[in-house]
Amino acid sequence: MRELGLALPPPARPVASYLQTRVTSIGDGRSLIYVAGQLSREGDQVLSGRCQDQVSVEEATRRAELCALGVMSQIDAAAGLDTLVEMSQVLGFVLSAEGFGDQPKILNGASDLFVEVLGAAGKHTRVAIGAHALPFSATVEIAAVAVVRTG
Amino acid sequence: MRELGLALPPPARPVASYLQTRVTSIGDGRSLIYVAGQLSREGDQVLSGRCQDQVSVEEATRRAELCALGVMSQIDAAAGLDTLVEMSQVLGFVLSAEGFGDQPKILNGASDLFVEVLGAAGKHTRVAIGAHALPFSATVEIAAVAVVRTG
Amino acid sequence: MRELGLALPPPARPVASYLQTRVTSIGDGRSLIYVAGQLSREGDQVLSGRCQDQVSVEEATRRAELCALGVMSQIDAAAGLDTLVEMSQVLGFVLSAEGFGDQPKILNGASDLFVEVLGAAGKHTRVAIGAHALPFSATVEIAAVAVVRTG
């Protein structure tokens, strides 16, 4: 990550009575890790607004990258990012104006960053959705399921 | 649950050709249980309407609690609620007016109830989304993945 | 499938930097397979438009069937459709006009097809959501988690 000029943010605390991660053994020293939805944020500030009428595609893409950093920060805090075996599933929601259909382009910000940082292990299946409303009107929310070594 | 003055509703039947639960062994006498989306309902009546212009935050929160009861009812019917090891992931969708961003507050109704009834095992990761449309215009829909003992 | 007069389409390539499937061993010669969101499409053409003001319920149902074929095509390419033990979870999103609540009817197109082709193994839990916006304004998007034999 240092080579990319990136640093993980401190893991965000849940905004409510839930956990940021849950780790479940699936045998052979490996576990599934479920990661709660990470909102686009810088520090404590949620970055809000709808794409494309309030927030540009370029800026929304940057915000998707911030969500990806948030996901990796949570995995790091729970299990250590170096124990990641593979990302299994990424659920990506983009706060979208009516008729906006470029969610894949925006979520590529996150997908590309997972692969840049984690290599082949960062590759993942993806579900890209345009949301009508998100918590605190965040521009992007990304949740994930991954596999980590815990043995 | 009796201490809380609560009772599980009878498990809702699917409104279509699908299952309410699927149980998959992950070894060590434990299984993942996938629970289908549970709509806000009382008896056979779906509680519909959008938050916050048609349904208040307070009432929507109560409806999220009903969804949580529905999820627990399905787990109980499939595996016995007392076999629950942990809730892994809760997917929560709130039918939302444009610009509404208090989905976390509403879904806390469900999150808090899981923890009240199930203790530490009820803690879970959460994905909170504002939906534009839901089946039968239900106010809340909640699906889950959990771990149960089956050995 | 031949008896049903159906053929699997060639598996769609991802529209971005992600995988269509991820396979993770859960012991006993079985694996979870995560399948990325499959858009309603014919060949390279995404079938777009919102239900029910731009696309009829009947046509949207047909498009949900195409998504189900897409999901099965991905499982077939990754692991062989004959290794499928069970569908665990289907996430279905229908591009919906405001107030439209018949997502279950539309997604039954997919649910019924899974069961017709795969028998009891095709039964699944389902999360049915009405989306405000989807990639390329696709009418339907369906993702899935399933269990396959890999031993």
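Protein chains in written order, with our numbering: chain A, 76 to 226; chain G, 76 to 226; chain B, 76 to 226.
Ideal placement from N, C-alpha and C gives every residue a C-beta, glycine not left out.
Fill in: Inter-stretch contact at 8 Å, needing at least 3 Cβ pairs: the region 190-210 of chain B / the region 165-173 of chain B
yes
Whose CA, out of B:Gly155, B:Leu182, B:Asp128, lies closest to the CA of Arg224 of chain B?
Residue 224 of chain B sits at position 149 when you count from the first residue of the third sequence. The shortest C-alpha separation from Arg224 of chain B is found at B:Gly155.
Give the interface partners of Val65 of chain B over in chain A, defined as CB-CB distance under 7 Å, in chain order. With chain B running from 76 to 226 in the structure shown, residue 65 of chain B is simply not present.
TODO: Helix, strand or coil for Ser92 of chain B, going by three-state DSSP, please let me know.
DONE: Here residue 92 of chain B is taken as the residue at index 17 of the third sequence, counted from 1. Here Ser92 of chain B sits in coil by DSSP.
Query raised in the report: Applying a beta-carbon distance threshold of less than 8 Å, which residues of chain B neighbour Phe175 of chain A?
Result: Locating residue 175 of chain A in the first sequence gives position 100, where the first residue counts as 1. What Phe175 of chain A touches in chain B: Ala208.
ask   = For Ala219 of chain G, which of G:Leu107, G:Glu191, G:Leu209, G:Arg77 has the nearest alpha-carbon?
value = For the purposes of this step, residue 219 of chain G is taken as the residue at position 144 of the second sequence. The shortest C-alpha separation from Ala219 of chain G is found at G:Leu107.
Count the other C-beta atoms from every protein chain shown that fall within 10 angstroms of the C-beta of Gly197 of chain A, then say buried if there are 16 or more, exposed otherwise.
Working through the first sequence from its first residue, we reach residue 197 of chain A at position 122. Classification for Gly197 of chain A: buried.
Inset, instruction - Could you work out which residues of chain B lie near Ile181 of chain G, taking near to mean beta carbons separated by less than 7 Å? - result: Looking up residue 181 of chain G in the second sequence gives position 106. The contacting residues do not exist; Ile181 of chain G stays about 16 Å from chain B at best.
Residues bridged to Ile168 of chain A (per DSSP):
Residue numbering aside, residue 168 of chain A sits at position 93 when the first sequence is read from its first letter. A small correction: the amino acid at residue 168 of chain A is Phe; Ile does not occupy that position in the sequence shown. DSSP output for Phe168 of chain A lists A:Ile204, A:Glu216 as bridge partner(s).
> Hey, does Asp128 of chain A have any beta-carbon neighbour from chain B nearer than 7 Å?
Replying inline: Numbered from its first residue, the first sequence carries residue 128 of chain A at position 53. No, Asp128 of chain A does not count as interfacial toward chain B.
query = Per DSSP, Leu182 of chain G forms a beta bridge with which residues?
reply = On the second sequence, position 107 is the one that residue 182 of chain G refers to. Bridge partners of Leu182 of chain G: none, in fact.
Would you kindly report the start and end of the unbroken beta strand (DSSP E) that includes Gly176 of chain B?
The residue given as residue 176 of chain B occupies position 101 in the third sequence. Per DSSP, Gly176 of chain B belongs to no beta strand (DSSP E) and is neither H nor E.
- prompt: Cβ of Asp119 of chain B less than 7 Å from any chain D Cβ?
  reply: Among the chains of the structure shown, chain D does not appear; the protein chains present are A, G and B.
Pair within 7 Å by beta-carbon distance, Val165 of chain G and Met76 of chain G: Here residue 165 of chain G is taken as the residue at index 90 of the second sequence, counted from 1. Here residue 76 of chain G is taken as the residue at index 1 of the second sequence, counted from 1. The answer is no: Cβ separation not under 7 Å.
Next on the checklist: Residues in the same chain with beta-carbon distance under 7 Å from Val146 of chain B, minus the five sequence neighbours each way, listed in chain order, please.
Outcome noted: For the purposes of this step, residue 146 of chain B is identified with residue 71 of the third sequence, where counting begins at 1. Cβ within range, chain order: Val110, Gln113, Ile217, Ala219.
ask   = Since His207 of chain B and Glu78 of chain A are thought to touch, with beta carbons under 8 Å apart, how far apart are those beta carbons, to the nearest angstrom?
value = Within the third sequence, numbered from 1, the residue matching residue 207 of chain B stands at position 132. Within the first sequence, numbered from 1, the residue matching residue 78 of chain A stands at position 3. Contact doesn't hold; Cβ gap of about 39 Å is too wide.
| field | Three-state secondary structure (DSSP) of Arg77 of chain B | value | As a first step, residue 77 of chain B is located in the third sequence; it is residue number 2 there, counting from the start. Three-state result, Arg77 of chain B: coil.
* Asked: Can you give the Cα-Cα distance for Tyr93 of chain B and Ser186 of chain A, rounded to whole angstroms?
  -> Translated into the one-based positions of the third sequence, residue 93 of chain B becomes position 18. Translated into the one-based positions of the first sequence, residue 186 of chain A becomes position 111. Near 7 Å, if we compare the C-alpha coordinates of Ser186 of chain A and Tyr93 of chain B.
- Query: If we cut at 7 Å on Cβ distances, does Ser92 of chain A have a partner in chain G?
  - Reply: As a working mapping, residue 92 of chain A is identified with position 17 in the first sequence. Yes, its Cβ sits closer than 7 Å to a Cβ of chain G.
- Message: Any beta carbon from chain A within less than 7 Å of Arg138 of chain B's own beta carbon?
- Response: Here residue 138 of chain B is taken as the residue at index 63 of the third sequence, counted from 1. Arg138 of chain B does not count as touching chain A.
| message | Helix, strand or coil for Thr225 of chain A? Go by DSSP, reduced to three states. | response | As a working note, residue 225 of chain A is residue 150 in the first sequence. Here Thr225 of chain A sits in coil by DSSP.
Under three-state DSSP, which class holds Ser131 of chain B? Looking up residue 131 of chain B in the third sequence gives position 56. Three-state DSSP puts Ser131 of chain B in coil, outside helix and strand.
Q) With DSSP run on the structure shown, which of helix, strand or coil describes Ala87 of chain B? A) For the purposes of this step, residue 87 of chain B is taken as the residue at position 12 of the third sequence. Ala87 of chain B: coil per DSSP, three-state reduction.
Fill in: N- and C-terminal bounds of the beta strand (DSSP E) containing Ser106 of chain G
As a working note, residue 106 of chain G is residue 31 in the second sequence. Unbroken beta strand (DSSP E) run through Ser106 of chain G: 105-114.
* Give me the Cβ distance between Ser228 of chain A and Ala213 of chain A, rounded to the nearest whole Å; I'm assuming they're in contact under 8 Å. => This structure cannot settle anything about residue 228 of chain A, because the visible part of chain A is limited to 76 through 226.
So Gly102 of chain B contacts chain A; which residues on that side make the cut at Cβ distance below 8 Å? On the third sequence, residue 102 of chain B is found 27 positions in, with the first residue counted as 1. Result: Ile101, Gly102, Asp103.
- Item | Beta bridge counterpart(s) of Gly118 of chain A as assigned by DSSP | Here residue 118 of chain A refers to the residue found at position 43 when the first sequence is read from its first residue. In the DSSP output, where bridge partners are listed per residue, Gly118 of chain A has none listed.
- Item | Given Gly184 of chain G as reference, the closest of G:Thr99, G:Gly102, G:Glu133 once Cα atoms are compared | Position 109 of the second sequence, counted from the start, is the residue given in the question as residue 184 of chain G. Nearest C-alpha to Gly184 of chain G: G:Glu133.
Burial state of Asp177 of chain B (16 or more Cβ within 10 Å) | Walking along the third sequence from the start, residue 177 of chain B turns up at place 102. The residue in question, Asp177 of chain B, is buried, as its Cβ has 16 or more Cβ neighbours within 10 Å.
Check your understanding: Can you find a CB in chain G that lies within less than 7 Å of the CB of Val215 of chain B?
Key -> Counting from one through the third sequence, the residue named residue 215 of chain B turns up at place 140. Judged by the 7 Å Cβ criterion, Val215 of chain B is not in contact with chain G.
Exercise for review: To the nearest angstrom, report how far apart Asp119 of chain G and Gln95 of chain G are at their CA atoms.
Suggested key: By one-based count along the second sequence, residue 119 of chain G stands at place 44. By one-based count along the second sequence, residue 95 of chain G stands at place 20. Distance between the alpha carbons of Asp119 of chain G and Gln95 of chain G: 16 Å.
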